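Chemist: The structure that follows is given in the form of structure tokens.
Chains as they are written, first to last, in this note's numbering: chain A, 1 to 206; chain B, 1 to 206.
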């Protein structure tokens, strides 16, 4: 999809719309007005209309939005009609927690492999996914056409491992390591820095 | 601290400055110019100067910033000179992963209790922290002056549990449940919606 110059702020809001519309659809709701969606999501109705206008509107004046259609369209924009193949590097507590979380698969994110440098973990399985040695990382990523690497390892190793993932053909990194990665521009990085998040909460509470 | 009208965008950047300055300080670096910090952090020097000006600058013209002083000042702004007491509700994979992560304590976030509704888990310990039954939640929060509740439970339970935490006196919720909470304005909520984050990555990769 070509870049339509949609702001990061709008894009950041799409997954939340997608979640609410999916829940409405599950509840059998067929149509919803921007006003009703506004009440539900605590976002102004004008914000909703503006956001949806970026993608062609999806609405008919006076009739509200068709929930199933809007859900499907936003899903397509978010790439939910595609599947992604993931490996998780770091089979510690957080890595295993992510591997065990089945909901990612429902959204097309398939966890194909787990990697760890701890020899005692090699060969064990987490929700059926085998833990493999780090030596196999590049070849596995290449052979299985993995497109997303998840980093749940200490920050001291994350930079080097991210480069190995990219060498294997990965185009996206979901980075839980507390370090900023420096990768080619065509590789996308989404950081989840939990300590930063907790500090923001503490700041807001002051 | 009174609200100085600092934008959310600036506040969101502070933990990252804090992290880099902490690392520089650990490495024995005493002074750094906005240009050097810019190269390191991939943020423009003018952005750095603007951000720091919100808090009184911290710099002397031509001499660069005093790393230790800046680290300490940003730490104070972020409330790092205070300690917070946390409970984690939901001793599943993610809850236990957070409980085992020792780095939060170094930053003054003390995990005092873990709660779960699964009777088989009650009394077990994670890194020395006992798992307690849900019935004790409000009284524990009140007696131990807990100020932050961490939600690592399914979204179907999160809304009700968040209200119980607030009734016990919690002023901040770190919410990993995939649902938006609706709480009084003086209670701060920081959401970590992992599925949304993964979808943003997939969108960026298109």
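Every residue, glycine too, gets a C-beta built ideally from N, C-alpha and C. Computed from a predicted structure; not experimentally measured.
Give a yes or no on whether the C-beta atoms belonging to residue 202(A) and residue 84(B) are separated by under 8 Å.
Modeler: It is a contact, given that the beta carbons lie within the stated cut-off.
Chemist: Mind listing, in chain order, the continuous beta strand (DSSP E) runs of no fewer than 3 residues lying wholly within the region 125–176 of chain B?
Modeler: Whole beta strand (DSSP E) segments, 3+ residues: 129–133, 148–151 and 172–175.
Chemist: Are the Cβ atoms of residue 41(A) and residue 20(A) separated by less than 8 Å?
Modeler: In this structure, residue 20(A) lies closer than 8 Å to residue 41(A) by Cβ.
Chemist: Quick check: the Cα distance between residue 125(B) and residue 131(B), rounded to an integer number of angstroms?
Modeler: Their backbone Cα atoms lie some 6 Å apart in a straight line.
Chemist: State buried or exposed for residue 213(B), treating a residue as buried only when at least 16 other CB atoms are found within 10 Å of its CB.
Modeler: There is simply no residue 213(B) to check, as chain B begins at 1 and stops at 206 in what is shown.
Chemist: I'd like the ranges of any beta strand (DSSP E) spanning at least 3 consecutive residues and lying wholly in the region 61–119 of chain A.
Modeler: The qualifying runs are 64–66, 84–89 and 109–116.
Chemist: The alpha helix (DSSP H) that contains residue 10(A), what's its start and end?
Modeler: Start and end: 8–26.
Chemist: Where DSSP assigns a beta bridge to residue 191(B), which residues make up the other side?
Modeler: Partner(s): 175(B).
Chemist: Can you tell me where the alpha helix (DSSP H) with residue 46(A) in it begins and where it stops?
Modeler: Where residue 46(A) is concerned, the enclosing alpha helix (DSSP H) stretches over 45–53.
Chemist: What does a CB cutoff of less than 6 Å around residue 2(A) pick up in its chain, not counting 5 residues either side in sequence?
Modeler: Confidence is the limiting factor: at residue 2(A) the pLDDT is only 40, short of 50, which leaves the residue's position unreliable and the question unanswerable from this model.
Chemist: Using alpha carbons as the reference points, say which of 134(A), 99(A), 78(A) and 169(A) lies closest to residue 116(A).
Modeler: Cα-wise, what sits closest to residue 116(A) is 134(A).
Chemist: Return the bridge partner residues of residue 32(B) from the DSSP annotation.
Modeler: For residue 32(B), which the question treats as bridged, DSSP gives the partners 65(B).
Chemist: Please classify residue 180(A): does DSSP put it in a helix, a strand, or coil?
Modeler: Three-state DSSP puts residue 180(A) in coil, outside helix and strand.
Chemist: Residues of the region 81–93 of chain B in Cβ contact with chain A at a cutoff of 8 Å, in chain order, please.
Modeler: Per Cβ criterion, the list reads 82, 84, 92 and 93.
Chemist: Near residue 67(A), what residues of its chain come up, given a Cβ to Cβ distance below 8 Å and the 5 sequence neighbours on each side ignored?
Modeler: Cβ neighbours of residue 67(A) beyond the five flanking positions: 21, 24, 25, 29, 30, 31 and 32.
Chemist: Give the straight-line distance between the Cα atoms of residue 144(B) and residue 110(B), rounded to the nearest whole angstrom.
Modeler: So the alpha carbons of these two residues sit roughly 11 Å apart.
Chemist: Give the secondary structure of residue 2(B) by DSSP, where H, G and I count as helix, E and B as strand, and everything else as coil.
Modeler: Because the pLDDT at residue 2(B) is just 40, under 50, the model does not fix this residue reliably, and the point stays unresolved.
Chemist: Mind pulling the chain A residues with CB within less than 7 Å of residue 109(B)?
Modeler: By Cβ distance, chain A contributes 198.
Chemist: Using only the alpha-carbon positions, how far apart do residue 100(A) and residue 141(B) sit?
Modeler: Near 29 Å, if we compare the C-alpha coordinates of residue 141(B) and residue 100(A).
Chemist: Near residue 77(A), which residues of its chain fall below 7 Å by C-beta distance, leaving aside the five closest residues on each side in sequence?
Modeler: Within the same chain, residue 77(A) has close Cβ partners 14 and 55.
Chemist: Can you tell me whether residue 9(B) is buried or exposed, with buried defined as 16 or more other CB within 10 angstroms of its CB?
Modeler: Exposed: under 16 other Cβ atoms inside 10 Å.
Chemist: Select from the region 68–79 of chain B all residues with a C-beta closer than 8 Å to any C-beta belonging to chain A, and list them in chain order.
Modeler: So the close ones are 77, 78 and 79.
Chemist: Put residue 209(B) into one of helix, strand or coil per three-state DSSP.
Modeler: With chain B running from 1 to 206 in the structure shown, residue 209(B) is simply not present.
Chemist: Taking residue 223(B) as the reference, give the member of 128(B), 148(B) and 181(B) with the closest Cα.
Modeler: This structure does not reach residue 223(B), given that chain B is present from 1 up to 206, and the question cannot be answered.
Chemist: Report yes or no: do three or more beta-carbon pairs, one from the region 179–187 of chain A and one from the region 159–166 of chain A, lie closer than 8 Å?
Modeler: Taking 8 Å as the limit for Cβ pairs, the verdict is that the region 159–166 of chain A does touch the region 179–187 of chain A.
Chemist: Please find out if some non-hydrogen atom of the ligand HEM comes closer than 7 Å to the beta-carbon of residue 177(B).
Modeler: Absence of the ligand HEM from the depicted structure is noted, as is the absence of any ligand whatsoever, leaving it without description.
Chemist: Does the beta-carbon of residue 188(B) have 16 or more other beta-carbons within 10 angstroms, so that it is buried, or is it exposed?
Modeler: Per the 10 Å Cβ criterion, buried.
Chemist: Run down chain A in chain order and give the residues with a C-beta less than 9 Å from the C-beta of residue 16(B).
Modeler: Within chain A, the residues near residue 16(B) are 180, 193 and 196.
Chemist: Please go through the same chain and pick out, in chain order, the residues whose beta-carbon is closer than 7 Å to the beta-carbon of residue 178(A), but skip the five residues on each side of it.
Modeler: Taken in chain order, the residues that qualify are 155, 193 and 195.
Chemist: Give a yes or no on whether 8 Å exceeds the smallest Cβ distance from residue 201(A) to chain B.
Modeler: Yes, residue 201(A) counts as interfacial toward chain B.
Chemist: Using a Cβ-Cβ cut-off of 7 Å (strictly less than) and excluding sequence neighbours within five positions of residue 112(A), which residues of its own chain qualify?
Modeler: Excluding positions up to five away in sequence, the list reads 85, 86, 87, 144 and 146.
Chemist: Measure the C-alpha to C-alpha separation of residue 74(A) and residue 50(A) and round it to an integer number of angstroms.
Modeler: Their backbone Cα atoms lie some 14 Å apart in a straight line.
Chemist: Check distances from the C-beta atoms of the region 161–176 of chain A to those of chain B and list, in chain order, the residues that come in under 9 Å.
Modeler: So the list reads 171, 172, 173 and 174, given in the order they occur along the chain.
Chemist: May I ask you to list, following chain order, the residues of the region 145–158 of chain B that have a beta carbon less than 8 Å from some beta carbon of chain A?
Modeler: Answer set for the region 145–158 of chain B: 147 and 148.
Chemist: From residue 200(A) to residue 80(A), what does the alpha carbon distance come to, in whole angstroms?
Modeler: Distance between the alpha carbons of residue 200(A) and residue 80(A) is about 30 Å.
Chemist: Cβ atoms of residue 89(A) and residue 44(A): under 8 Å apart, would you say?
Modeler: Taking 8 Å as the Cβ cut-off, residue 44(A) and residue 89(A) do not qualify as a contacting pair.
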